[in-house]
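Novice:
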Amino acid sequence: MTTLDAQVHAAKTVLLQTSTVSKKNLYDHLCDCLAKVLEERPENAADVFETLSERVKKENSQNNTNLLQDQEGPSQRLDVANEQKPLFEVTEKDADVEADEEVSVPFPDLMDIARHFEEGGIGLGRDETFHIFLALKKLSQEQPLASVRFWGKVFGTEANYIVAETEFQEGEGEEEEEEE
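With my numbering applied, the sequence shown corresponds to residues 82 to 261, in that order.
1. Compute the beta-carbon to beta-carbon distance between Phe249 and Leu226, rounded to the nearest angstrom, for a pair I have assumed lies under 8 Å.
2. Taking the beta strand (DSSP E) that Thr247 falls in, what are its first and last residues?
3. Name, in chain order, the residues that DSSP records as bridge partners for Lys234.
4. From Leu149 to Val129, what does the alpha carbon distance come to, in whole angstroms?
5. DSSP three-state call for Asn125: helix, strand or coil?
6. Reducing DSSP to helix, strand and coil, say where Val171 ends up.
7. So, do the stretch 82 to 92 and the stretch 100 to 110 have three or more beta carbon pairs nearer to each other than 8 Å?
8. Just reading off the alpha helix (DSSP H) that Asp193 is part of, what are its end residues?
9. Suppose contacts are defined by Cβ-Cβ distances below 8 Å. Is Cys114 in contact with Val137 by that definition?
10. Arg230 and Ala216: beta carbons closer than 8 Å?
11. Can you give me the Cβ contacts of Ala45 inside the same chain, cut-off strictly under 8 Å, excluding the 5 residues immediately before and after it?
12. Taking the alpha helix (DSSP H) that Lys93 falls in, what are its first and last residues?
13. Please say whether Asn106 and Leu97 have beta carbons closer to each other than 8 Å?
14. Taking the Cβ atom as the reference point for each residue, do Leu168 and Lys219 lie within a distance shorter than 8 Å?
15. Can you grab the Cα-Cα spacing for the pair Leu111 / Thr132, in whole Å?
16. Using 8 Å as the limit for Cβ to Cβ distance, is Ala91 near chain B?
17. Using CA atoms only, rank isn't needed, just tell me which of Lys93, Gln222 and Ala162 is closest to Thr247.
18. List the residues that DSSP assigns as beta-bridge partners of Val229.
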């Protein structure tokens with residue numbers, strides 16, 4: 082390690098030390114202050130930086146006290162979590178699959194594919210991709226499918242749609258077509 086690298090590393094260490102009083106580090110505080118400067122664009126930013134820094138500290142401390150107050154009614158996050166809860170529950174089929182371990186998954190590793198897209202700067206994000214993976218897994222367990230492939234996401238005006246390409250196992254899809 083060169084002396085310059087060592088100096089940069091030492092500087093980062095100092096900036097990332099957490100205060101025992103505010104439980105925040107200098108790096109985060111400077112980022113918040115710079116964001117405030119870029120947001121408000123004061124005429125003499127260098128002259129009012131200390132005042133701005135105090136205001137940022139007060140805002141952050143007020144935000145922390147608001148976290149302790151009870152919120153009225155169930156939050157939107159709770160509603161979403163309750164909606165998605167069935168995706169995370171382990172069913173009897175999941176337990177059987179874990180015991181067999183030789184059952185092939187009828188769809189590709191969506192998380193690995195998403196990681197490659199993410200490296201290219203595109204994608205849906207890890208959380209949404211994982212939720213889609215769980216939904217496709219549930220679909221493949223509920224329907225007699227030979228393969229499932231995530232096709233994409235369509236952004237609509239009323240709602241967004243997740244599109245999956247599926248193929249029924251031999252003879253399974255034909256029965257449903259005959260019934261219609």
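Ideal placement from N, C-alpha and C gives every residue a C-beta, glycine not left out.
Specialist: In brief:
1. 6 Å
2. Asn241 to Phe249
3. Ile243
4. Interpretation of Leu149 is limited by its pLDDT of 49, a score under 50 that renders its predicted location unreliable; the figure taken from the coordinates is listed afterwards. For Leu149 and Val129, the distance between alpha carbons rounds to 31 Å.
5. coil
6. coil
7. no
8. Leu191 to Glu200
9. yes
10. no
11. Since the first residue of the chain shown is 82 and the last is 261, residue 45 is not available in this structure.
12. Thr84 to Leu96
13. yes
14. yes
15. 13 Å
16. No chain B is part of this structure, which consists of one protein chain only.
17. Gln222
18. Thr247
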